[in-house]
Amino acid sequence: MPQEARAAVAVKKGAPVEVLPVLVPDPGPGEVLVGVQACGVCHTDLHYRDGAIGDEFPYLLGHEAAGTVEAVGPGVTALAPGDYVVLAWRAPCGGCRSCRRGRPWYCFDSRTAAQPMTLTDGTRLSPALGIGAFTEKTLVAAGQAVKIDPSARPEAAGLIGCGVMAGYGAAVHTGGVSNGDTVVVIGCGGVGNAAIAGSALSGARRVIAVDIDDAKLDAATRFGATDTVNSRGTDPVAAVRELTGGFGADVVIDAVGRPETYTQGFYMRDLAGVLVQVGVPDREMRVDLPLIDLFSRGGALKSSWYGDCLPSRDFPVLVDLHLSRKLDLDAFVSETITLEEVEAAFATMQRGGVLRSVVVF
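In the UniProt record's numbering, the protein residues as written are 1 to 361.
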């Protein structure tokens with residue numbers, strides 16, 4: 001029998017988020033019901049609210065979540081009630097052409113719950129990134145629930161589910177940062193600082209943080225940045241070249257996702273350098289680059305899908321790094337809030353005042 005839960009819902013494009021009762025089905029085959037303990041407020045949720053990702057309103061927002069399995073459906077053997085999990089928005093199917101080639105982190109048919117969650121009048125909800133976790137309970141595919149060490153508090157652990165994993169993986173997996181590299185990270189929010197931390201842990205010799213907010217740049221140094229550039233009043237490309245002896249960086253990570261920052265990142269690279277885009281752009285954005293520059297500068301331009309991660313492999317690793325005090329997940333948590341404060345958290349995010357607001361249930 002479906003259970004009723006309170007949830008933060010984007011009812012229509014651009015409208016303030018509403019806290020409404022929703023119906024969550026009992027888990028069917030291959031599904032699990034999770035009691036959400038904490039869920040981060042990610043910029044992607046704001047994109048959903050504003051219609052920048054799709055128009056399948058109403059959206060059940062929230063996807064950076066940790067919680068406890070409450071029930072499992074038929075066929076689920078790897079999880080049991082009481083398991084402490086972080087939710088992932090990529091659950092490899094095992095059968096698509098990418099999975100069959102041994103690249104499950106690129107799975108082209110990622111699993112989500114088959115049954116929809118609904119408003120009490122039966123209106124089907126579209127769960128953000130296939131999760132929908134700004135709610136007391138959520139229904140996901142079993143592969144989306146990754147069991148982790150229960151020693152990590154949910155406010156911090158849940159952030160692995162998106163922002164931290166995306167940024168860390170953009171550096172470590174997509175960018176391939178290694179010993180001695182020089183790295184630039186543009187945008188020092190949650191994703192950017194995770195990329196900085198990942199670069200530092202991978203042995204980067206120099207990590208240059210670029211942002212327009214001095215407070216975020218100060219935070220970036222705590223995650224491992226060796227140099228900072230405030231691009232509000234400075235040409236960041238020129239500044240990076242000055243810091244690198246005129247050459248540019250081996251790896252540049254754009255954690256903003258705007259045409260301006262992507263173009264800056266392109267020209268911040270050394271010859272044969274790598275540019276990684278991990279910031280989520282608006283659907284209307286375009287980039288215009290001279291084709292001769294694409295050819296003559298060489299290297300690689302990459303998009304990082306979820307940090308090219310395999311959640312079942314990587315989430316426990318990040319938790320272990322946190323528990324061994326090598327990756328401070330607690331430092332990403334700027335504030336804890338209630339479900340009713342999600343809309344206010346979006347406004348705070350847009351002002352640049354936080355790394356992550358986290359809803360605690």
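Cβ coordinates follow ideal geometry from the N, Cα and C atoms, glycine included.
- [ ] Report yes if the C-beta of Ala145 is less than 7 Å from at least one heavy atom of the ligand ATP; otherwise report no.
- [x] In terms of ligand content, the structure shown is empty, and the ligand ATP therefore cannot be addressed.
- [ ] Give every residue of the same chain whose Cβ lies closer than 6 Å to the Cβ of Arg111, excluding the five residues on either side of it in the sequence, and list them in chain order.
- [x] Ala91, Cys93, Ala141 and Gly143
Task: Sub-8 Å separation of Gly352 and Ala166 beta-carbons - done: no
- [ ] Can you say whether Met1 is buried or exposed, counting buried as having 16 or more other CB atoms within 10 angstroms of its CB?
- [x] exposed
- [ ] Using beta-carbon positions only, say whether Val358 and Gly40 come within less than 8 Å of one another.
- [x] yes
Open item on the list: For Asn193, list the residues DSSP reports as bridge partners.
Closed with: Bridge partners of Asn193: none, in fact.
Open item on the list: Alpha carbons only, please: which of Leu323, Ala133 and Arg103 is nearest the one belonging to Ser151?
Closed with: Leu323
Open item on the list: Nearest by alpha-carbon distance to Gly122: which of Pro236, Pro25, Ile292 and Asp109 is it?
Closed with: Pro25
Task: Extent of the continuous alpha helix (DSSP H) to which Tyr168 belongs - done: Gly163 to Gly169
Open item on the list: Assuming Pro154 is part of the alpha helix (DSSP H), what are its boundary residues?
Closed with: Pro154 to Ala157
Task: Where Gly198 falls: helix, strand or coil (DSSP) - done: helix
Open item on the list: Under DSSP, the alpha helix (DSSP H) around Lys216 begins and ends at which residues?
Closed with: Asp214 to Phe223
- [ ] Could you check what DSSP says for Leu289 in three-state terms: helix, strand or coil?
- [x] coil
Task: Cβ shell of Thr11 (< 7 Å), same chain only, five flanking positions each side left out - done: Checking the displayed sequence, the identity of residue 11 turns out to be Val instead of Thr. So the list reads Glu18, Phe57 and Pro58, once near-sequence residues are dropped.
Open item on the list: On the criterion of 16 or more Cβ atoms from any shown chain inside 10 Å, does Val22 qualify as buried, or is it exposed?
Closed with: buried
Task: Alpha-carbon to alpha-carbon, Ala197 and Met268 - done: 20 Å
Open item on the list: Are the CB atoms of Leu217 and Asn230 within a distance shorter than 8 Å?
Closed with: yes
- [ ] Hey, could you find the ends of the beta strand (DSSP E) Asp211 is sitting in?
- [x] Arg206 to Asp211
TODO: Just tell me which of Arg356, Asp213, Gly180 and Gln3 has its CA closest to the CA of Val207.
DONE: Gly180
Open item on the list: Report the CB separation of Gly273 from Gly248 in whole angstroms; it is logged as a contact under 8 Å.
Closed with: 6 Å
TODO: With a cut-off of 8 Å on the beta carbons, I'd call Ala145 and Leu79 a contact; round off their distance for me.
DONE: 6 Å
TODO: Using the Cα positions of Pro104 and Gly130, report the straight-line distance between them to the nearest angstrom.
DONE: 17 Å
- [ ] Please report the residue range of the alpha helix (DSSP H) in which Val240 lies.
- [x] Pro236 to Leu243
- [ ] Since I believe Leu87 is in contact with Gln115 (beta carbons under 8 Å), could you give me their beta-carbon distance rounded to a whole number of angstroms?
- [x] Gln115 to Leu87, Cβ: 16 Å. No contact.
- [ ] Mind checking which residues open and close the beta strand (DSSP E) that includes Cys39?
- [x] Glu31 to Gly40
TODO: Work out the CA separation of Leu61 and Asp55 for me, nearest whole Å.
DONE: 13 Å
Open item on the list: If distances are taken between C-alpha atoms only, which option among Phe266, Ala239 and Asp270 comes closest to Pro290?
Closed with: Phe266
Open item on the list: I believe Lys147 touches Asp83 by the beta-carbon criterion, under 8 Å. Please report the beta-carbon distance rounded to the nearest angstrom.
Closed with: 5 Å
TODO: With a threshold of 16 other CB atoms inside 10 Å of the CB of Lys326, please say whether the residue is buried or exposed.
DONE: exposed
TODO: Check whether the Cβ of Phe134 lies closer than 8 Å to any Cβ atom in chain E.
DONE: Looking at the structure shown, chain E is missing, and only one protein chain is on hand.
TODO: Mind checking which residues open and close the alpha helix (DSSP H) that includes Tyr48?
DONE: His43 to Arg49
Task: Leu318 - containing alpha helix (DSSP H), residue span - done: Pro311 to Leu323
Open item on the list: Whole angstroms are fine: how far does the CA of Gly67 sit from the CA of Thr348?
Closed with: 25 Å
Task: According to DSSP, residues forming a beta bridge with Tyr59 - done: Ala10 and Ser126
TODO: Could you check what DSSP says for Val17 in three-state terms: helix, strand or coil?
DONE: coil
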